[in-house]
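In this note's numbering, the protein residues as written are 3 to 333. From the three backbone atoms N, C-alpha and C, an ideal C-beta is built for every residue, glycine too. Worksheet: one structure, shown below.
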C-alpha cells in the first residue's frame, strides 16, 4: 500500500509478520501492601493482594508487535518444565503462535518475580539458566529459524544474555535474511555485542554503547556520541545504529545522515520494558522502509508512552498513533 500519512503507517503495520528470536521469560508479579516490619529481620512484610504472570523478555517484544497490529512469531528455547507450560498457556491466551517455541530438558524456563507494594518495587527474584545452547539445541533452533524466516517481513534479535542467541545463530540467520531481502534489527546485550555484523538496525542504549566501545563520555557530548556510533556502525558493517538515551531521547545514524531526537516530557512511572517497545516500533518501520528520522521519532515516542505505566506493558497503538499526529511527526 502507498504510505502518505501516519494512519497509513498504522494500517500497514497490520499486514506485517515479524520473527522474534531471543530469550523469552515469565514476568511474575506479587502485588501487596506493607504495614509492618518483620520481627525475624529488618524487612517489610508484604500482605499479598494479587499475583500475576506475564510474558517477558523477547515475548514482551511479541506483545508490543501484536499491540501494534502485526503478527509476531517467537523463536526461542524454553525448559521442559511447569513454567514452560505456563508460558505456552500465556501465548495461547494472547493468540500468539507457539510454532517457533522449542523445549529442552537441559534448561529451565526463566522467571523474574517482582514484589511490589503500591508503586514501590521491593524485591526481584530471578530463576534462570545463563548457559549457551548446546549443539543439539542450537541445531534445532537454527532449523526452526530457517523454516519460519521466509514467511516474515522483518527479523528481530532480542538478546537478554540468557544463552538463546550465539554468534553462529546470528551469522547464519543474518546471511539467510540477506539472501531473502529481509531486514534484521537488533536489541543487543553484552555477550554478543560485536557478533551482529551486517544487520540493518542495531539498537544499544547509551550504557551499552559506552561499555561496548570501552569509552566514557557525557550524553551531552554530541561529537563523542557521533564518533563512537560511527565507529560501532563501521565495525559491525550495519546500515543504522540507533542509541536510546533514556530521558534525553534517541540518536540515530546511517551512512549518510544522523538525527538527535529529544525525548517528549512524560510522567515516568517505570522504565521497565521501554526498550522492547522501541525495538518493536523500529522493526515495523524498517519493514516498511521508512526514513531513519521517522524510525527514531516514532520509536522514541512509543518508549516514552510505556514509561507512564507501572510494570512491563505493551504499547497502546491507538495512543501512539494519536500522539504521533499530535506531535506532527514527519514521514
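Anticipated Cβ contact below 8 Å, residue 24 with residue 198, distance rounded: Cβ atoms of residue 24 and residue 198 stay farther apart than 8 Å, at about 12 Å.
Helix, strand or coil at residue 176 according to DSSP, with G and I counted as helix: Helix.
Could you give the residue range of the alpha helix (DSSP H) that holds residue 205? Following the DSSP letters along the chain, one finds residue 205 in no alpha helix (DSSP H), marked with neither H nor E.
With distances taken Cα to Cα, identify the nearest neighbour of residue 179 among 195, 200, 128. Of the candidates 195, 200, 128, the residue whose Cα lies closest to the Cα of residue 179 is 200.
Where do the ends of the alpha helix (DSSP H) carrying residue 137 lie? Where residue 137 is concerned, the enclosing alpha helix (DSSP H) stretches over 137-151.
Beta-carbon gap between residue 81 and residue 105 smaller than 8 Å: The beta carbons of residue 81 and residue 105 sit closer together than 8 Å.
I'd like to check one pair, residue 55 with residue 92: are the Cβ atoms closer than 8 Å? Between residue 92 and residue 55, the CB-CB gap stays under 8 Å.
Quick check on this structure: which residue in 291, 319, 303, 316 has the alpha carbon closest to the alpha carbon of residue 4? Nearest neighbour of residue 4 by Cα position, chosen from 291, 319, 303, 316, turns out to be 291.
Kindly list the residues whose CB is nearer than 7 Å to the CB of residue 12, restricted to its own chain and excluding five residues on each side of it in sequence; keep chain order. These residues qualify, in order along the chain: 71, 319, 323.
Could you give the C-beta distance for residue 77 and residue 182, rounded to a whole number, given that I count them as a contact under 8 Å? The beta-carbon distance between residue 77 and residue 182, rounded to whole angstroms, is 15 Å. This is too long to meet the 8 Å contact definition.
Alpha carbon to alpha carbon, how far is residue 135 from residue 253? Give it in angstroms, no decimals. If I take the Cα positions, the gap works out to 33 Å.
Sorted by chain position, which residues of the same chain lie with C-beta nearer than 6 Å to residue 16's C-beta, five sequence neighbours on each side aside? Same-chain partners within the cutoff: 71.
Got a sec: does the ligand GDP put a non-hydrogen atom nearer than 7 Å to the Cβ of residue 49? No copy of the ligand GDP occurs in the structure displayed, which carries no ligand at all.
To which residues of the same chain is residue 276 closer than 6 Å at the C-beta, ignoring the five residues directly before and after it? Apart from the 5 residues on each side of it in sequence, residue 276 sits with its Cβ closer than 6 Å to the Cβ of 305, 308, 309 in its chain, given in chain order.
Decide if residue 408 is buried, meaning its Cβ has at least 16 other Cβ atoms within 10 Å, or exposed. Lying outside 3 to 333, the shown extent of the chain, residue 408 is not represented and no answer is given.
Specify the secondary structure class of residue 270 as computed by DSSP and reduced to three states. Note that residue 270 scores a pLDDT of 47, beneath 50, so its modelled location is shaky and nothing firm can be said.
Whole angstroms is fine: what's the gap from residue 83's alpha carbon to residue 90's? Here the alpha carbons of residue 90 and residue 83 stand approximately 11 Å from one another.
In whole angstroms, give me the CA-to-CA distance for residue 247 and residue 141. Rounded to the nearest angstrom, the two C-alpha atoms are 36 Å apart.
How should residue 120 be labelled, buried or exposed, when 16 other C-beta atoms within 10 angstroms of its C-beta is the threshold for buried? Classification for residue 120: exposed.
May I ask which residues mark the beginning and end of the beta strand (DSSP E) holding residue 287? Going by DSSP, residue 287 is part of no beta strand (DSSP E) but of the alpha helix (DSSP H) stretching over 276-289.
Cutting at 6 Å between CB atoms, please list the residues of its own chain near residue 270, excluding the five before and the five after it. Unreliable positioning characterises residue 270 in this predicted model, as indicated by a pLDDT of 47, which lies under 50. The coordinate reading is nonetheless provided below. So the list reads 309, once near-sequence residues are dropped.
Whose C-beta lies closer than 8 Å to the C-beta of residue 239 among residues of the same chain, with five residues either side of it excluded? Around residue 239: 199, 200.
Is residue 108 buried or exposed, if buried means 16 or more other CB atoms sit within 10 Å of its CB? Exposed is the call here.
Counting only the same chain and skipping the five closest in sequence on each side, list residues whose C-beta sits under 8 Å from that of residue 296. Hits under 8 Å: 287, 331, 332, 333.
Quick one, are the C-beta atoms of residue 326 and residue 8 less than 8 Å apart? Their beta carbons are under 8 Å apart, which means residue 326 touches residue 8 by this criterion.
Leaving out the 5 sequence neighbours to the left and right, which residues in its chain are closer than 7 Å to residue 191 when beta-carbon positions are compared? Excluding sequence neighbours, residue 191 sits near 161, 162, 163.
N-terminal and C-terminal residue of the alpha helix (DSSP H) that residue 11 is part of: DSSP places residue 11 in the uninterrupted alpha helix (DSSP H) bounded by 8-15.
Backbone secondary structure at residue 255 - three-state DSSP: Residue state, collapsed to three classes: strand.
Just to confirm my understanding: we take residue 88, look at its own chain, exclude 5 residues before and 5 after, and list those with CB closer than 7 Å. What are they? Within the same chain, residue 88 has close Cβ partners 28, 55.
Is residue 89 helix, strand or coil by DSSP? Note: residue 89 maps to helix in three-state DSSP.
Quick check on the burial criterion: 16 or more other C-beta atoms within 10 angstroms. Buried or exposed for residue 236? Counting of Cβ neighbours within 10 angstroms places residue 236 among the exposed residues, the total staying below 16.
Let me know if residue 126 comes out buried or exposed under the rule of 16 or more other beta-carbons within 10 Å of its beta-carbon. The residue in question, residue 126, is exposed, as its Cβ has fewer than 16 Cβ neighbours within 10 Å.
For residue 257, which residues of its own chain have a beta-carbon under 8 Å away from its beta-carbon, when the five flanking residues on both sides are left out? Excluding residues within five positions, the ones whose Cβ falls inside 8 Å are 235, 241.
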